[in-house]
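J.: The sequence shown runs 1 to 234 under UniProt numbering. Virtual Cβ for every residue (Gly too), placed ideally from N, Cα, C. Just so it is clear, the structure is predicted and the values come from calculations on it, not from any experiment.
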Amino acid sequence: MLKIRDLNVHYGGIHALKGINIDVPENKIVTLIGANGAGKSTTLRSTIGLVKSSSGKIIYNDKDITNRKTKDIVSDGLVMVPEGRRVFPNLTVEENLILGAYIRKDKNAVKKDMKWVYELFPRLKERIWQKAGTMSGGEQQMLAVGRALMTKPKLLMMDEPSLGLAPLIVKEIFEIISEIHKEGVTILLIEQNAKAALEVAHYGYVLETGSIVLEGKGMELLNNDEVQKAYLGE
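#1: For M1, which residues does DSSP report across the bridge?
#2: Quick one: what's K63 bridged to in DSSP?
#3: Taking C-alpha atoms, which residue in G184, K131, E95 and E119 lies nearest to I29?
#4: Could you say if the stretch 127-135 and the stretch 102-111 meet the contact criterion of at least three C-beta pairs nearer than 8 angstroms?
#5: Would you decide whether K112 is buried or exposed? Buried here means 16 or more other CB atoms lie within 10 Å of its CB.
#6: Do the stretch 141-156 and the stretch 169-183 meet, that is, are 3 or more Cβ pairs less than 8 angstroms apart?
#7: Given a cut-off of 8 angstroms on the beta-carbon distance, is the pair K57 and R123 in contact?
#8: In this structure, what does DSSP give as the bridge partners for E215?
#9: Buried or exposed: which applies to I14, given that a residue is buried once 16 or more other Cβ atoms fall within 10 Å of its Cβ?
#10: For G137 and T209, I'd like the C-alpha separation in whole angstroms.
#11: Determine the direct distance from the alpha carbon of I187 to that of L156, and round the result to whole angstroms.
#12: So the candidates are N21, Y118, Q192 and D159; which of them puts its Cα closest to the Cα of E94?
#13: Could you tell me which residues DSSP pairs with K18 in its beta bridges?
#14: Taking Cβ positions, are P161 and V87 nearer each other than 8 angstroms?
#15: What is the DSSP secondary structure of K28, reduced to helix, strand or coil?
#16: On the premise that L32 lies in contact with residue 239, defined as a C-beta separation below 8 angstroms, what is that separation, rounded to the nearest angstrom?
#17: For S55, which of helix, strand or coil comes out of DSSP?
#18: Nearest chain D C-beta to L155 closer than 8 angstroms, yes or no?
The following block contains the structure:
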């Protein structure tokens with residue numbers, strides 16, 4: 001579904017991504033783990049067109065989307081939940097969700113998806129008229145994911161969904177990621193919480209200073225000695 005081939009990205013004099021190759025097959029959860037500054041967010045941002053690549057190709061559903069405009073990429077069903085939530089603080093929960101569906105014309109399907117988001121996140125339903133800026137970090141993360149789902153994604157990219165959240169909320173977020181996947185959404189997950197990410201992922205990549213250094217099935221990487229020492233503190 002998504003193929004990243006020999007992707008290079010430079011920020012000024014910094015070589016942020018060094019010829020990486022990633023495959024995200026349809027109906028799978030793929031995770032990209034690594035330390036801060038490894039290039040994880042740059043990978044997502046270049047895929048969605050927010051950062052220009054220096055060379056390489058990004059193929060989505062057999063179409064070359066390298067350096068295409070972000071709005072066109074989103075219209076094709078490739079959607080990102082950004083790091084740090086980025087909800088609209090002065091708008092209500094419902095208004096944030098409606099904005100997620102701004103490119104859609106299928107009003108009946110939008111209503112159906114709104115109902116689904118409220119089923120996934122009962123807490124959001126309880127807070128329909130609450131302004132997003134007054135919500136907790138966990139609730140804002142749920143809203144950010146819900147807003148992305150309102151875009152009707154075929155492939156959902158998530159950038160550090162568990163960052164800064166309490167362990168109980170992290171568990172809830174990962175359960176919801178599994179639920180979203182069961183509904184037929186393909187997921188590319190960027191995470192520092194390597195254990196939680198690898199437990200839920202079918203396949204994983206380890207990124208270090210802009211290069212893929214390891215890849216394999218989620219459980220294989222979870223049991224890999226190098227991964228355990230570097231990312232799981234074992």
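T.: On the basis of the data shown:
#1: Paired residue(s): none; M1 is not in a bridge.
#2: Y60
#3: G184
#4: no
#5: exposed
#6: yes
#7: no
#8: Y205
#9: exposed
#10: 29 angstroms
#11: 5 angstroms
#12: Y118
#13: N8
#14: no
#15: coil
#16: Limits of the chain in this structure are 1 at one end and 234 at the other, which puts residue 239 out of reach.
#17: strand
#18: No chain D is present in this structure, which holds just one protein chain.
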